[in-house]
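Undergrad: Handing you this structure, nothing more for now.
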Amino acid sequence: MNYSEFIGHVQNRGRMASEGEALTATRATLEVLGQRLAGGEPSNLGAQLPEEIARFLMVEGGAGERFDLDEFFRRVSEREGVDLPVSVHHARAVIAVLQDAVSRGEIDDVRAQLPEEFTPLFEAGSEGEMTRNR
Numbered sequence: 010m011n012y013s014e015f016i017g018h019v020q021n022r023g024r025m026a027s028e029g030e031a032l033t034a035t036r037a038t039l040e041v042l043g044q045r046l047a048g049g050e051p052s053n054l055g056a057q058l059p060e061e062i063a064r065f066l067m068v069e070g071g072a073g074e075r076f077d078l079d080e081f082f083r084r085v086s087e088r089e090g091v092d093l094p095v096s097v098h099h100a101r102a103v104i105a106v107l108q109d110a111v112s113r114g115e116i117d118d119v120r121a122q123l124p125e126e127f128t129p130l131f132e133a134g135s136e137g138e139m140t141r142n143r
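Its first residue numbered 10, the sequence shown is counted upward by one per residue in the numbering used here.
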C-alpha cells in the first residue's frame, strides 16, 4: 500500500473531510503507538509502511513507555487537536488501515508488546462499539 492509498483509506474509514485531516489522525495515532512500542518494533513495523507514514512511528518510538488504552486515546486526542470521541474514532480507523497495510505477523509482534486492554483496538475495526477489556 502506498502513501496515497493509506491516507485515502484512513480518510474513508474515518469519514474525514480531507486528506489533511486523515494525515493528522495518522500522524497522531502512529506517533503515540511508537511511544508505546519498545526496542526495534517501531522500525520493524515502519519497514512495511510507506516512508512518509513510517517516520511517524519513529518520532519518539522505541521507548516502550507504559500507558493504558485510555492514555493512548488521550494522547492521540491531544496531538490531533480534536475531542476525545473524535480521536478514538480516528485512531480506530488508522489502526484498521495499518492492519491491512502490514503482515499479520508484524501486527502480532506489535500486539505482543501491548497489554490485553488494547485488544479491542485491533479487533473492533473502525465502526460500531468498541467493547473494552477491563
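Cβ coordinates follow ideal geometry from the N, Cα and C atoms, glycine included.
Just mark A37 as buried or exposed, buried being the case when its beta carbon has 16 or more other beta carbons within 10 Å.
TA: buried
Undergrad: Who are the near neighbours of G120 in its chain, counting only those whose CB is closer than 8 Å to its CB and skipping five residues on each side?
TA: It should be pointed out that residue 120 corresponds to Arg in this sequence rather than to Gly. So the qualifying residues of the chain are F127, T128, F131.
Undergrad: Counting only beta-carbon atoms, is T38 nearer than 9 Å to chain B?
TA: In the displayed structure, chain B is absent; only one protein chain is listed.
Undergrad: Between which two residues does the alpha helix (DSSP H) holding V85 run?
TA: 78–89
Undergrad: How about P62 and L39: do their beta carbons lie closer than 9 Å?
TA: It is worth fixing the name first, because residue 62 is Ile in this sequence and not Pro. Contact flag set, yes.
Undergrad: For the 8 Å Cβ check, are there 3 or more pairs between the region 46–60 and the region 76–83?
TA: no
Undergrad: How far does the alpha helix (DSSP H) with P129 in it reach, from first residue to last?
TA: P129: member of the alpha helix (DSSP H) spanning 128–132, first to last residue.
Undergrad: Whose CA, out of P59, G114, L58, R84, lies closest to the CA of E69?
TA: R84
Undergrad: Identify the continuous alpha helix (DSSP H) that holds M67 and give its terminal residues.
TA: 60–67
Undergrad: To which residues does DSSP link A72 through a beta bridge?
TA: A47.
Undergrad: Nearest by alpha-carbon distance to S86: which of A34, L66, P124, G73 is it?
TA: Among A34, L66, P124, G73, the Cα nearest to that of S86 is on A34.
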